[in-house]
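When we follow the numbering used here, the leftmost residue of the sequence shown carries the number 1, and every step to the right adds one.
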Amino acid sequence: EQVAGLHRNLQACFNRVNGRYFDGCLARPRLTWSRTFSGRRFGHYDPIRDTVMVSAILDRVAVAEHVLDFVMYHELLHKALGVGWRNGRQAVHTPEFREKERQFEQYAAATAAIETLAAMHV
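Dropping the structure here:
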């Protein structure tokens, strides 16, 4: 586990997101920064290891805190909602998931920032 980055701390991020969006009731998963920069995958939740991995590309002063919080929120939604089913296949981004994802307070700004970051790191 590696919660402290150069500029951001995943423990602090988890605490903010858990308190604001999950009433502080979500059990803390393992938290870690990726060891490499990823410009397309900004986070990942591994349910088997109960681990949230966040791309080190978000550990920058230039990346707004709400962008990191949104990625954490997205990954914690995977933890909270688990896997759904659509047309007989597993689906992790179900309509319920997308609806809850849009409840993030700065959804539009965060998703726009992520799209910009992704375009810069193709």
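Ideal Cβ positions, reconstructed from N, Cα and C, are used throughout, including at glycine.
Y107 and M72 have their alpha carbons spaced roughly 12 angstroms apart. Annotation: the region 17-83 contains the following complete segments of the beta strand (DSSP E) (minimum length 3 residues), in chain order: 30-33, 43-46 and 51-54. Boundaries of the alpha helix (DSSP H) harbouring A110: Y107 to M120, taken from the DSSP string. Counted as a single uninterrupted DSSP element, the stretch harbouring R89 is not any alpha helix (DSSP H) but the beta strand (DSSP E) occupying residues R89 to A91. Just so you know, the alpha carbons of L76 and Y45 end up roughly 7 angstroms apart. V67 and A110 do touch by the CB rule: their CB atoms are close to 5 angstroms apart, below 8 angstroms.
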